[in-house]
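Below is one structure, written out as structure tokens; comments come after it.
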Amino acid sequence: MDEPPPQRPCAAASSLSSLRGTATAAVHADKLAVEEESVPEWTFSTAEDVAPPLSLSTTFTAPSSGQGHIYSRISAPTRSRCETLLGNVEGTQEQPAHAVLYSSGLAAAFALFAHFLPKRVFISGGYHGTHQVLGQLQKISAGSRCKCEPLPGPEKLASCLEAGDLIWLETPLNPSCDVANIKAYVAAAKSCPDVHVAVDGTFAPPPLQRPLLLGADAVMHATTKSLAGHSDVLGGAICVASAETADQLRKDRLALGSTPGNLEVWLLMRSLRTLHVRVRQQSATATLLAEWLDAARTDTSHELAGLIHAVHHPSLKSHKNHSVAVEQMPGGFGGCFALELASEAAARALPGSLKLFGSATSLGGVESLIEWRRRWDPAISPLLLRVSIGLEDFEHLRADLLQGVLRVSSEAKPDAEDQEHEAWAQVLTSPECIGSASIDRNRVSRGLMKLSPSWPLEVSRARSVAEFAVGGGTKAKRPNELNCKSNQLHSTARGHFMFASLSQL
Ligand SMILES: Cc1ncc(COP(=O)(O)O)c(C=O)c1O
Numbered sequence: 051m052d053e054p055p056p057q058r059p060c061a062a063a064s065s066l067s068s069l070r071g072t073a074t075a076a077v078h079a080d081k082l083a084v085e086e087e088s089v090p091e092w093t094f095s096t097a098e099d100v101a102p103p104l105s106l107s108t109t110f111t112a113p114s115s116g117q118g119h120i121y122s123r124i125s126a127p128t129r130s131r132c133e134t135l136l137g138n139v140e141g142t143q144e145q146p147a148h149a150v151l152y153s154s155g156l157a158a159a160f161a162l163f164a165h166f167l168p169k170r171v172f173i174s175g176g177y178h179g180t181h182q183v184l185g186q187l188q189k190i191s192a193g194s195r196c197k198c199e200p201l202p203g204p205e206k207l208a209s210c211l212e213a214g215d216l217i218w219l220e221t222p223l224n225p226s227c228d229v230a231n232i233k234a235y236v237a238a239a240k241s242c243p244d245v246h247v248a249v250d251g252t253f254a255p256p257p258l259q260r261p262l263l264l265g266a267d268a269v270m271h272a273t274t275k276s277l278a279g280h281s282d283v284l285g286g287a288i289c290v291a292s293a294e295t296a297d298q299l300r301k302d303r304l305a306l307g308s309t310p311g312n313l314e315v316w317l318l319m320r321s322l323r324t325l326h327v328r329v330r331q332q333s334a335t336a337t338l339l340a341e342w343l344d345a346a347r348t349d350t351s352h353e354l355a356g357l358i359h360a361v362h363h364p365s366l367k368s369h370k371n372h373s374v375a376v377e378q379m380p381g382g383f384g385g386c387f388a389l390e391l392a393s394e395a396a397a398r399a400l401p402g403s404l405k406l407f408g409s410a411t412s413l414g415g416v417e418s419l420i421e422w423r424r425r426w427d428p429a430i431s432p433l434l435l436r437v438s439i440g441l442e443d444f445e446h447l448r449a450d451l452l453q454g455v456l457r458v459s460s461e462a463k464p465d466a467e468d469q470e471h472e473a474w475a476q477v478l479t480s481p482e483c484i485g486s487a488s489i490d491r492n493r494v495s496r497g498l499m500k501l502s503p504s505w506p507l508e509v510s511r512a513r514s515v516a517e518f519a520v521g522g523g524t525k526a527k528r529p530n531e532l533n534c535k536s537n538q539l540h541s542t543a544r545g546h547f548m549f550a551s552l553s554q555l
């Protein structure tokens, strides 16, 4: 019989604390946590399965020892396992992390705002849903909590802070990809007692950026995006450095009932195993595509010369926060970028002209998606498309974008009707018009801009509103016909803006 091979000395790299934050942790952290007895064995049901079992049970036989799961809103094996895993994926050797999972990204955002319950939140732009969450908290607290203040640069912020404020950094920002300097904001926060910094890291999941390592108090992720990564899970997570804070968040979650379902958590755990590979690949492909598209702005021999208005990705030297991103995002610049085409008509048409990019909202999945973002958020430029890069080959995605941009740009010749909108918008927002009809300049202008040449009905209505307004319309003189039209318009999503305009008259 052969001699057994000599036992190698146990490599230091096999202890969990030395693996935290790595791809290896994403595959082994849950089992190692049990083996190293930092987690009691019953917590995950079993440590013998090679792949984690899916426990769907909502209730558990009352534990005689006093230790064990009781009811799944409190704790559940699959969720405890996934939280242990995610904590070790977000944390690093230098900075451990504890993860708490939620039923959606916005449920996690709500939980984090409710945890700090600040009087004021410094926040600018970003995902519009986060602002809706803040609106809810303002409503519940009768306006005494979560008042939004625009976020200035970190140097200016220090002088504006009061004890108890919360600084909310979504970085990179959805969809503009602006990057906030986490370290500098943390330094500003430290200049005033009891000020906290929370980061929405959805656009830069681990291993791209580590907000806790930079001093942030908490990082929130819409796990719906890159962490779950397959467009089939809705979920959210908060990761914090302190185990006590994580326990408090779990207690709050128990009361709020914002727990994720076990299946979603199991799917998330499965996806975390491949997170590093997926995210690095998506980030690398997005960087190559952004670079190629951006070159069209300056290189007259580029296939898309003259057709690209702007490209926003932190990897680009032209990006306004590139140097901060280089320091802050050592793992890569993210799988999303914003692309601005030369005309609104081309931007609207592009998603429908691509074969490999789904025309859909959301991001971070294995399949590339593209979206004309203005559809949901009127604050976004009408030229802008948010692009989320999946795991397809760079060359195929490049070829698809090339044919798509060429096609929509040749179809979207500078259209007379676009120019007509512009002209009517100018008339409507002219000082004489504003003065005579007390129209809200921005809303009317936005309403008109929202109209497309392909909606002639709205165009003619816009014209009649404009004629009425230019003719010196007042509330008293408003014709019934316009009242009636406003109701009709209100019934369509696009008409919303016209309705807003009409109601100003
Ligand atoms: C940056 C960011 N934060 C939060 C959310 C909300 O996540 P969920 O849709 O899972 O609630 C999103 C969703 O798109 C997002 O992009």
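Under the working numbering, residues 51 to 555 are what the sequence shown spells out, in order.
Glycine included, each C-beta is placed from N, C-alpha and C at the ideal position.
Put residue i into one of helix, strand or coil per three-state DSSP.
i	result
Ser105	coil
Arg70	coil
Ser65	coil
Gly385	coil
Ile190	helix
Lys197	strand
Trp316	helix
Phe172	strand
Tyr235	helix
Ser82	For clarity, residue 82 is Leu in the given sequence; the question names Ser instead. The answer is helix: DSSP assigns Leu82 an H, G or I state.
Gly286	strand
Asp450	helix
Ser409	strand
Trp218	strand
Leu419	strand
His119	coil
Val100	coil
From residue i to residue j, what does the alpha carbon distance come to, in whole angstroms?
i	j	result
Thr109	Ala340	49 Å
Ser153	Cys289	15 Å
Gly523	Pro432	Note that Gly523 scores 42 on pLDDT, short of 50, meaning its location in the model is unreliable and no value can be drawn from it.
Glu353	Leu404	17 Å
Phe444	Gly382	16 Å
Pro202	Gly137	31 Å
Ser115	Leu106	23 Å
Ser393	Ala334	28 Å
Thr274	Glu442	20 Å
Val236	Gly265	6 Å
Arg347	His359	7 Å
Glu133	Asp427	33 Å
Pro102	Thr128	8 Å
Lys197	Arg323	39 Å
Ser226	Gln186	25 Å
Gly454	His446	12 Å
Ala79	Glu294	21 Å
Val283	Trp316	10 Å
Cys210	Lys233	18 Å
Leu162	Glu461	47 Å
Arg68	Thr350	For clarity, residue 68 is Ser in the given sequence; the question names Arg instead. Rounded to the nearest angstrom, the two C-alpha atoms are 50 Å apart.
Leu219	His326	23 Å
Asn312	Val361	39 Å
Ala83	Gln298	22 Å
If distances are taken between C-alpha atoms only, which option among the options comes closest to residue i?
i	options	result
Gln259	Arg347, Val139 and Cys196	Val139
His280	Ser67, Thr128 and Gly414	Gly414
His369	Asp349, Ser65 and Ala345	Ala345
Thr180	Leu357, Ala254 and Asn224	Asn224
Gln332	Phe253, Pro310 and Arg303	Phe253
Ala147	Ala296, Phe166, Ser130 and His446	Ala296
Ala336	Gly385, Cys132, Arg300 and Asp302	Gly385
Tyr177	Val458, Thr411, Leu452 and Val416	Thr411
Phe94	Leu69, Thr72 and Ser130	Ser130
Tyr121	Ala239, Ile217, Ile173 and Leu304	Leu304
His246	Ala83, Gln298, Lys367 and Leu262	Leu262
Gly251	Asn231, Ala238 and Cys242	Asn231
Go through its chain and collect everything with a Cβ distance to residue i's Cβ below 8 Å, but skip five positions before and after it.
i	result
Leu435	Ala388, Leu389, Glu390, Leu391, Ala397, Leu400, Pro401, Ile420, Glu421, Trp422 and Arg423
Gln117	Pro90 and Trp92
Who are the near neighbours of residue i in its chain, counting only those whose CB is closer than 7 Å to its CB and skipping five residues on each side?
i	result
Val229	Thr221, Pro222, Pro364, Asn371, Val374, Ala375 and Gln378
Thr74	none
Gly285	Leu151, Tyr152, Ser153, Ser154, Thr273, Thr274, Ala278, Pro310, Glu314 and Leu318
Asp244	Ala213 and Gly214
Ala157	Gly286 and Ser308
Leu167	Arg195
Ser321	Leu277, Ala278, Gly279 and His280
Leu406	Ser418, Glu442, His446, Leu447 and Asp450
Under 6 Å Cβ to Cβ from residue i, same chain only, skipping five residues before and after it: list those, please.
i	result
Arg328	Gly279
Ile173	Cys198, Leu201 and Trp218
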